[in-house]
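Note that the UniProt record's numbering gives residue 171 to position 171 of the sequence shown, counting from 1, and the numbers run on in steps of one. We put the CB at the ideal spot given by N, CA and C, even for glycine. These notes are about the structure you will find just below.
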Amino acid sequence: MPLTKRCLAEFMGTFWLVFGGCGSAVFAAAFPDSTNAIGIGLTGVAFAFGLTVLTMAYAIGHISGCHLNPAVSFGLWAGKRFSGGKDLALYIGSQVAGAIVASLVLYLIVSGKAGFDAVAFKSGSNPFATNGYGDHSPGGYNLFSALLHEFVLTFMFLMVIMGSTDRRAPQGFAPIAIGLGLTLIHLIGIPVTNVSVNPARSTGPALFIGGWAIQQLWLFWVAPILGGIAAALTYNSLFGESPSEPNS
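Shown next as structure tokens:
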């Protein structure tokens with residue numbers, strides 16, 4: 001598949017991830033307010049993120065591999081499942097662009113609500129489900145906790161991806177495992193950082209919130225990428241095929 005089409009698929013897939021996942025947090029998590037049981041809550045948001053990846057994995061997995069995440073691209077590169085250089089750079093650029101456009105569309109929609117106050121929205125506790133630590137962690141977790149949390153969750157996410165897409169694994173089920181894996185990650189970690197495990201997903205909302213979100217963004221690039229690379233190297237070291245294993 002030409003690189004241009006693969007990058008377009010990554011753009012569209014990451015758009016859907018951010019629009020669906022962050023959009024569920026913005027529009028539906030506590031609808032119409034925190035005291036009403038109609039909203040989907042944290043569990044619903046967790047499933048929204050998982051469903052975006054599951055649906056896109058079936059829709060574009062055969063086109064681009066459905067990375068939707070710079071940490072995944074870096075991990076697959078480290079695990080020798082994806083080429084580096086130009087392909088890696090353009091994949092990441094496409095993912096970040098998709099996240100930014102999704103955040104723009106979300107902002108345009110939310111700003112159309114009656115009584116919308118841009119200043120109040122941006123200074124809210126978790127606008128756009130923006131990732132943060134310290135005072136901007138939903139549960140008040142500090143820098144170290146956030147760093148370790150993002151590293152470990154991304155590590156396990158890449159272990160799921162590496163294992164479920166291994167040619168020895170049952171075929172056709174990888175999107176389910178990966179989508180449910182991301183759901184579980186959000187069920188575990190939303191109170192800590194709102195869960196990133198994805199630098200592109202963090203970058204889009206942060207650009208529209210500005211200030212503290214930009215200042216803390218470095219963590220949501222460093223920890224997921226290191227976690228993804230570590231997982232790929234670990235998987236290949238512990239579970240990769242040995243030369244003595246059969247080819248079929």
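(message) Does residue 171 come out as helix, strand or coil in the three-state DSSP assignment?
(response) Counting from 1 along the sequence shown, the entry for residue 171 is found at position 171. Reduced to three states, the DSSP call for residue 171 is coil.
(message) Given this structure, state the Cα-to-Cα distance separating residue 227 from residue 239, to the nearest angstrom.
(response) On the sequence shown, position 227 is the one that residue 227 refers to. On the sequence shown, position 239 is the one that residue 239 refers to. Those two C-alpha atoms are separated by around 17 Å.
(message) Taking only three categories from DSSP, how would you classify residue 247?
(response) Here residue 247 refers to the residue found at position 247 when the sequence shown is read from its first residue. Any reading at residue 247 needs caution, since the residue's pLDDT is 49, under 50, leaving its predicted position unreliable; the model's value is listed next. Residue state, collapsed to three classes: coil.
(message) Which residue marks the beginning of the alpha helix (DSSP H) containing residue 93, and which one marks its end?
(response) Within the sequence shown, residue 93 is the residue found at index 93, counting from 1. Run containing residue 93: 86-110, per the alpha helix (DSSP H) assignment.
(request) Give me the Cβ distance between residue 199 and residue 225, rounded to the nearest whole Å; I'm assuming they're in contact under 8 Å. (result) Position 199 of the sequence shown, counting from 1, holds the residue named residue 199. Position 225 of the sequence shown, counting from 1, holds the residue named residue 225. Their Cβ separation, rounded to whole angstroms, is 7 Å, which keeps residue 199 and residue 225 in contact under 8 Å.
(message) By the three-class DSSP mapping on this structure, what secondary structure does residue 202 have?
(response) Locating residue 202 in the sequence shown gives position 202, where the first residue counts as 1. If DSSP states are grouped into helix, strand and coil, residue 202 belongs with the helices.
(request) Note down the Cα distance separating residue 248 from residue 171, rounded to an integer number of angstroms. (result) Reading the sequence shown from its first residue, position 248 is the one you call residue 248. Reading the sequence shown from its first residue, position 171 is the one you call residue 171. Legend: pLDDT at residue 248 = 41, less than 50; position of this residue unreliable, value from coordinates given subsequently. Whole-angstrom Cα-Cα distance: 13 Å.
(message) Under DSSP, the alpha helix (DSSP H) around residue 236 begins and ends at which residues?
(response) Taking the sequence shown and counting its residues from 1, the one referred to as residue 236 is at position 236. Unbroken alpha helix (DSSP H) run through residue 236: 219-239.
(request) Assign residue 67 to one of three DSSP states: helix, strand, or coil. (result) Position 67 of the sequence shown, counting from 1, holds the residue named residue 67. In the structure shown, residue 67 sits in coil (DSSP, three-state: anything other than H, G, I, E or B).
(message) Please identify the residue among 81, 22 and 229 whose C-alpha is closest to the C-alpha of residue 156.
(response) As a working mapping, residue 156 is identified with position 156 in the sequence shown. Answer by Cα proximity: 229.
(request) Can you have a look at residue 1 and say buried or exposed, based on whether 16 or more other CB atoms are within 10 angstroms of its CB? (result) Position 1 of the sequence shown, counted from the first residue, corresponds to residue 1. That one is exposed.
(request) Compute the distance between the beta-carbons of residue 25 and residue 129, then report whether it is under 7 Å. (result) As a first step, residue 25 must be located in the sequence shown, where it is residue number 25. As a first step, residue 129 must be located in the sequence shown, where it is residue number 129. A contact, by the Cβ cut-off of 7 Å.
(request) Return helix, strand or coil for residue 183, following the three-state DSSP convention. (result) What you label residue 183 is simply residue 183 of the sequence shown in a count that begins at 1. Residue state, collapsed to three classes: helix.
(message) Please list the terminal residues of the continuous alpha helix (DSSP H) segment that includes residue 81.
(response) Translated into positions along the sequence shown, residue 81 becomes position 81. Run containing residue 81: none; DSSP gives neither H nor E here.
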